[in-house]
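Engineer: Quick one: the structure is below, and I'll ask about it shortly.
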Amino acid sequence: MSKKITMQQIADHVGVSKFAVSKALSGKSGVSPDTREKIVLTATQLGYFSQKRQRPITMRTHMNKPTSSSRNTIIVLIPNVRDQTRQSSFWGRVIDGIVTGIEEHQLGMMIVTEHITENFTQLINPDAVLGLIGVGLISNQLLLEVRNQGIPFVLVDHEDSLIPSDVLFMNNYECVRRSTNYLLGNGHRNLQFVGNIRYSRSFYDRWLGYRSMLEEQHVELKQIPELLDFEGDNRSEMTEKLDVILRKLHQNNQLPTSFVCANDSIAICVMTVLMRLGINVPEQCSVSGFDNIEDASLSKPSLSTVHVNKEALGQRAVETLLWRIEHPSGPKEKILLAGELILRESTANRL
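For the sequence shown, the residue numbers in the UniProt record's numbering are 1 to 351.
Set out below in structure tokens:
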């Protein structure tokens, strides 16, 4: 039997106090971000998070309804940042799927819409919580606190490399490979990827899929760095940032014949800027997106994109969480759902 990893061992490896390790691993403040990252990384390497932290779970069965003391509430945690809100045409549909899945199992639900660290355990009653589904970017600090409460959790469209958990994604890599291959097959050789690849794991995986397809088809990667790190909390801000970048490319006769965008909102912003510059889409420049939000079919021209079954992603997250609760010692899973390439008016042959 392997020896239990202690906080003191972690403290000795990092060169900090046991008190600092305790605060970092409990998700509390009082430790600098750099020190917290070193502590969590060391804890992961030593196997601290692989040690079982379980609590007795009372599950409802098909034959018996739970007693009043049963844990029957699932927390749905969605950070209120950028477009990751309940009202989002993407995240809102994912949550609709989660709600459907929870209702099918006749369980209770509580939605938390902000990052809450210090007060998280005061907000909830851990003894009444069956599990948690994190939707989108969840802070490392909050995940530590959830884990330390012994609450089983599943993440949707987010993965923390230091804290093991079940995760669900679209197959971002393969989906963008498919859309990029379509553009290459239609004669495009001067392409650009658009999206901040540090924003999320999904964006980075889409960038990797795009890049790998260019390499496979022996097309030289001539990526404009600014298109991989621009920021904006909404479409208005992103449009203005992209206006500066694309206007400069246009003035230098460096506009590509096609933009492969990390999501539909970015693609719509790109088309807005191209319209300002008098560039016709798709006659002069093709644009593709990802997600198939409602605005994709309503934009002018309508947007070619990758359809994401958002409701199915949410429902599958519920099933994964319930499986995890019943099989706490089972191996962690990374589940990838397939997407569908939707061709509309924003892409065309490069003649």
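Cβ atoms here follow ideal geometry from the backbone N, Cα and C, with glycine treated the same way.
#1: Starting from the C-beta of Val146, find all residues in its chain whose C-beta is less than 7 Å away, skip the five residues before and the five after it, and write them out in chain order.
#2: Can you look up Ile74 in the DSSP assignment and give me helix, strand or coil?
#3: What's the gap between the Cα of Glu319 and the Cα of Ser202?
#4: Going straight from the alpha carbon of Ile279 to that of Val76, what length do you get?
#5: Please report how far the alpha carbon of Ile5 lies from the alpha carbon of Ser179, in whole angstroms.
#6: For Leu208, collect the residues of the same chain with a Cβ closer than 7 Å to its Cβ; drop the 5 residues on either side in sequence, then sort them by chain order.
#7: Check the DSSP bridge columns for Phe259 and list the partner residues they point to.
#8: Identify every residue that forms a DSSP beta bridge with Thr305.
#9: Between the Cα of Val14 and those of Ser29, Pro256, Glu37 and Ser26, spot the shortest distance and give me the residue it belongs to.
#10: Can you tell which of Asn72, Gly30 and Asn171 has its C-alpha closest to the C-alpha of Leu341?
#11: Taking a contact to mean a Cβ-Cβ separation below 9 Å, would you say Leu183 touches Ser288 in this structure?
#12: Check whether the Cβ atoms of Lys310 and Asp291 sit closer than 9 Å, and answer yes or no.
#13: Would you call Met213 buried or exposed, if buried means 16 or more other Cβ atoms sit within 10 Å of its Cβ?
#14: Under DSSP, the beta strand (DSSP E) around Phe169 begins and ends at which residues?
#15: In the DSSP output, which residue or residues are listed as bridge partners for Ile111?
#16: What is the residue span of the beta strand (DSSP E) that Ile124 lies within?
Structural biologist: In short, the structure shows the following:
#1: Within the same chain, Leu132 and Phe153 come within 7 Å of Val146 by CB-CB distance, once the 5 residues on both sides are set aside.
#2: strand
#3: 22 Å
#4: 43 Å
#5: 46 Å
#6: Correct list, in chain order: Tyr173.
#7: Gln192 and Val287
#8: Ile342.
#9: Nearest of Ser29, Pro256, Glu37 and Ser26 to Val14, Cα basis: Glu37.
#10: Asn171
#11: Yes, they are a contact pair.
#12: yes
#13: buried
#14: Note, Phe169: beta strand (DSSP E), Asp166 to Met170.
#15: Val76
#16: Element bounds for Ile124: n/a, residue is neither H nor E.
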